[in-house]
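A short worksheet on the structure shown next.
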Amino acid sequence: MKTIAIGADDAAYAFRDVIVAYLQESGINVADYSSDKRQGSTVYPDVAHAVAMSIKQGEHDRGILICGTGIGMSIVANKVPGIRAAQCHDTFSAERARKSNNAQIITLGARVIGTELGKKILQAWLAAEYEGGGSAPKVERIDYYEHQHARD
1 MKTIAIGADD AAYAFRDVIV AYLQESGINV ADYSSDKRQG STVYPDVAHA VAMSIKQGEH
61 DRGILICGTG IGMSIVANKV PGIRAAQCHD TFSAERARKS NNAQIITLGA RVIGTELGKK
121 ILQAWLAAEY EGGGSAPKVE RIDYYEHQHA RD
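Residue numbers (UniProt numbering): 1 to 152.
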């Protein structure tokens with residue numbers, strides 16, 4: 001794995017700091033796209049878009065987006081063609097997001113889960129790889145619908 005792109009808004013700076021330290025202690029390189037504290041919460045769409053584009057362009061292997069709930073970041077990242085972002089608040093969903101849906105980005109809610117659970121969720125997501133198999137036709141169908149509506 002090259003690097004993980006991470007992005008957080010003002011609702012998740014402390015959570016992000018714990019996660020970045022955890023990833024670095026695990027030997028993972030991290031590129032931080034988080035908003036500047038002075039910018040406030042209105043820029044979370046810019047943060048999510050920057051991380052998603054960095055994945056799409058091959059600059060990073062996977063991405064982690066953290067805001068208050070994980071919802072807004074997920075919505076924005078999923079607007080980028082070719083990107084699959086999954087909001088996960090448990091380890092099973094995180095594992096399946098990779099194995100079944102080939103999600104390159106995971107989104108977490110700093111106001112929904114604690115940092116220890118966040119680490120476990122990320123551990124499950126990072127350890128999982130896309131299996132294809134019975135899920136491949138479903139992911140292909142997602143891609144088909146995406147291409148029907150994409151402009152770039």
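Note that CB positions come from ideal geometry on N, CA and C, so glycine has one too.
*Under the DSSP definition of a beta bridge, which residues are partnered with T107?*
By DSSP's assignment, T107 forms a beta bridge with L65 and Q87.
*asked:* Taking contact to mean 3 or more Cβ pairs, one atom from each stretch, closer than 8 Å, check whether the region 84–98 and the region 106–120 are in contact.
replied: yes
*At what residues does the beta strand (DSSP E) containing D32 begin and finish?*
N29 to D32
*Please name the residue in S93, I4, A150 and A136 whose C-alpha comes closest to that of R62.*
Of S93, I4, A150 and A136, the residue nearest in Cα terms is I4.
*Tell me whether Y145 is buried or exposed, calling it buried when 16 or more other Cβ atoms sit within 10 Å of its Cβ.*
exposed
*Distance between Q123 and G58 (C-alpha atoms, nearest Å)*: 22 Å
_G7 (DSSP reduced to helix, strand or coil)_ = strand
*Alpha-carbon to alpha-carbon, Q24 and residue 155*: This structure does not reach residue 155, given that the chain is present from 1 up to 152, and the question cannot be answered.
*Host alpha helix (DSSP H) of P45 (start-end)*: Y44 to K56
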